[in-house]
Structures are given as C-alpha cells and as structure tokens.
Amino acid sequence: MSDALHTLPVRLDALERPHYNAEQDSRATELRRLDGNSIGLEVLDALMAEVKTRTTEAFWADRTHSDRWLAPRIHYALRLLRSEAADRGVWQWLALRYCRYVEWRWAGTDGTVADDRWWGPIHKQAIARLWWGAEVFRDGADYRPVEKAFVFQDLPNSYLHRPIVRCRSLAIAIVDRIDRSGTPSSDQVNDLARVLNLATVGTPPEVETGYQSDDLLAYDNWCSSAPAVPPSWDHLPFGPRAIDTTDRSLQGAANVVNRACGYAGLED
Numbered sequence: 006m007s008d009a010l011h012t013l014p015v016r017l018d019a020l021e022r023p024h025y026n027a028e029q030d031s032r033a034t035e036l037r038r039l040d041g042n043s044i045g046l047e048v049l050d051a052l053m054a055e056v057k058t059r060t061t062e063a064f065w066a067d068r069t070h071s072d073r074w075l076a077p078r079i080h081y082a083l084r085l086l087r088s089e090a091a092d093r094g095v096w097q098w099l100a101l102r103y104c105r106y107v108e109w110r111w112a113g114t115d116g117t118v119a120d121d122r123w124w125g126p127i128h129k130q131a132i133a134r135l136w137w138g139a140e141v142f143r144d145g146a147d148y149r150p151v152e153k154a155f156v157f158q159d160l161p162n163s164y165l166h167r168p169i170v171r172c173r174s175l176a177i178a179i180v181d182r183i184d185r186s187g188t189p190s191s192d193q194v195n196d197l198a199r200v201l202n203l204a205t206v207g208t209p210p211e212v213e214t215g216y217q218s219d220d221l222l223a224y225d226n227w228c229s230s231a232p233a234v235p236p237s238w239d240h241l242p243f244g245p246r247a248i249d250t251t252d253r254s255l256q257g258a259a260n261v262v263n264r265a266c267g268y269a270g271l272e273d
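Numbered according to this note's numbering, the sequence shown terminates at residue 273, and the numbering increases by one at each position without gaps.
Written as structure tokens, this is what we have:
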C-alpha cells in the first residue's frame, strides 16, 4: 500500500468497493501541498493497527465506545488543513484503506455498511466524522472535550454538519452543557441543536463570544510537522493550540447555550 495520502474523487458503489485496488486504480491521485510535500500515513497506519488489535481483543464492549478513543488520535495522526479535510475523495480513499475498521464499526445485522459511511457528509462518513469531531470540539491542544462529545452519539451526529459549531467556543459550551446534563435523551440533544440553529440565525454567537479566529500559524506549523508514534496509544495526545477559547469567550458561549437549554428541556 502507498505510504502517502491520496484522494479518490469518484464515488464507488457497493459493487465496485470490494474489488477496489489502490495500486492499480489510476483515478486515485496523491494529495500534495503547495510546497510539493505529500502527507505521510506511517503514524495513522500504526494507529489503525492498534485499533485492529483492540477490536480483535474485544477492547470495546460497545462499538460506539471506540469513537471517543479514536477521534482525537486520528486527528493527531492525520494532520490535515481544513481545505484538505473537506475533500470527500480523501475520506473515501481512507475508508477503503482501512475497510476492516469501517466494516467492524458500521456493519449492520445483515453485514452491509451504508453507502454514506464510505462516501458521505462529515457527520456520516466513517472516518471523516471522527477527524472533524476532534477538529470542531477540541479546546486548542486539549482533546478532552472531544472525548466527552463522542460519549453522546447524537452530539456528533446532530451537530457536526451545522454552522453553529464552527464557533469553537460555542461547540465546547454545547459539549460541557450536555455533559453536565447526565444522560440527556436523543430528543433533548437534537432539540438543543434546532433551538441553537434558530437562535443564532439573527444574532450570531460571536456577538457574545467575540470574534473567533484560529491560531493559523500554530495550526500550519502543526500540520507541517510530522507526528510520532507514541510509546503507548493509551495516553491522550495533544493537538494544535488555539487562541479563540478564552475564559471570556467560553463564558459568552455558555450564556448562549444556557438560554437555549430551557427550550430544549435541558434545564438544571
């Protein structure tokens, strides 16, 4: 297999996928950055080998529990610019490369995997949802909010594709509020998403959080630096730092979320 990231921009159907051969298919092209560098997969391969071991040993009693462990580690191992991560062909190519994981995580009782787990929006595609979940819900270098987000499957499923979570402080405030609610129902988590969508149409969250801006230099440096295979995958890695999640910004986001909670049945 290739050691560099590729994109496969042509959507494969259920008949084509089992016969796909990355080495022989000319439709897949290597992803290269403006400086001509490719994106290596050595660390991601090592991570997915660890996942294979853990699935074989039944490390996760429930398959959904693997998401909270894997999301931050995939983000650490696969250092993409957001423009690169917006390419569905990248995620399809990766899903085919790690098809055993996709089938383990998403196969139904009949053994089939839904098409949108191979090629789909970021809240559906098997690997994109993990990477984007980590990118959206991380508090700078701290991936702990990502772990919390994936405890509640309805949270990434209902929020990842919504513009409201592009405001990082608001995304973190949503995770914190749902986490404090104990065991909210699916309806409550989904209702909060709808309420926040409506509440931020006329008044964007930045009115209370302040202007949100990533530390682009730090993120670019992080993307261009090669990750290392850690001595143990048990320890939570660190992501790129951010400058937009100040105490003032997080408090403003919490105010927005707390007002919306009453309408979603999530009052304390």
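No residue lacks a Cβ here, since even glycine has one placed at the ideal position from N, Cα and C. Keep in mind it's a predicted model, so treat the numbers as computed, not measured.
Go ahead and label Val15 buried or exposed: buried means 16 or more other beta carbons lie within 10 angstroms of its beta carbon, across all protein chains shown. Counting Cβ neighbours within 10 Å, Val15 comes out exposed, since fewer than 16 surround it.
Among Ala131, Ala269, Asp92, nearest to Val107 - alpha-carbon criterion: Shortest Cα-Cα distance from Val107 to any of Ala131, Ala269, Asp92 involves Ala131.
Where the alpha helix (DSSP H) containing Asp50 begins and where it ends: Judged by DSSP secondary structure, Asp50 falls within the alpha helix (DSSP H) whose first and last residues are 47-61.
In this structure, how does DSSP classify Ala9 when only helix, strand and coil are distinguished? Three-state result, Ala9: strand.
Classify Thr282 as helix, strand or coil using the three-state DSSP reduction. Residue coverage of the chain in this structure runs from 6 to 273, which leaves residue 282 outside it and unanswerable.
For Ala19, collect the residues of the same chain with a Cβ closer than 8 Å to its Cβ; drop the 5 residues on either side in sequence, then sort them by chain order. These residues qualify, in order along the chain: Thr117, Asp120.
Use the C-beta contact count for Glu28: other C-beta atoms within 10 angstroms, 16 or more gives buried, fewer gives exposed. Label assigned to Glu28: exposed.
Could you check what DSSP says for Arg78 in three-state terms: helix, strand or coil? It is helical.
Counting only the same chain and skipping the five closest in sequence on each side, list residues whose C-beta sits under 7 Å from that of Val194. Once the five neighbours on either side are set aside, the close Cβ partners of Val194 are Phe157, Asp159, Leu160, Ser163, Ile183.
Given this structure, state the Cα-to-Cα distance separating Ala233 from Ser218, to the nearest angstrom. Going by C-alpha positions, Ala233 is about 27 Å away from Ser218.
In the DSSP assignment, find the alpha helix (DSSP H) that holds Cys172 and state where it starts and stops. In the DSSP assignment, Cys172 falls outside any alpha helix (DSSP H) and carries neither an H nor an E.
I need the DSSP call for Arg37, collapsed to helix, strand or coil. Arg37: strand per DSSP, three-state reduction.
What separation, rounded to the nearest whole angstrom, lies between the Cα atoms of Ile127 and Ala33? Each residue's alpha carbon lies about 20 Å from the other.
Cβ contact (3+ pairs, closer than 8 Å) linking the region 194-208 and the region 244-253: At 8 Å Cβ cutoff, the stretches do not touch.
Leaving out the 5 sequence neighbours to the left and right, which residues in its chain are closer than 6 Å to Ala133 when beta-carbon positions are compared? The answer, listed in chain order, is Trp96, Ile127.
Terminal residues of the alpha helix (DSSP H) in which Thr114 lies: Counting along the chain, Thr114 falls outside any alpha helix (DSSP H), and DSSP gives it neither H nor E.
Extent of the continuous alpha helix (DSSP H) to which Tyr224 belongs: Per DSSP, Tyr224 belongs to the alpha helix (DSSP H) from 221-229.
What whole-angstrom Cβ distance do Arg68 and Trp238 have, given they're in contact under 8 Å? Actually they are not in contact, since the Cβ atoms of Arg68 and Trp238 sit about 18 Å apart, beyond 8 Å.
What number of angstroms, rounded off, separates the C-alpha of Ala178 from the C-alpha of Asp72? C-alpha separation (whole angstroms): 20 Å.
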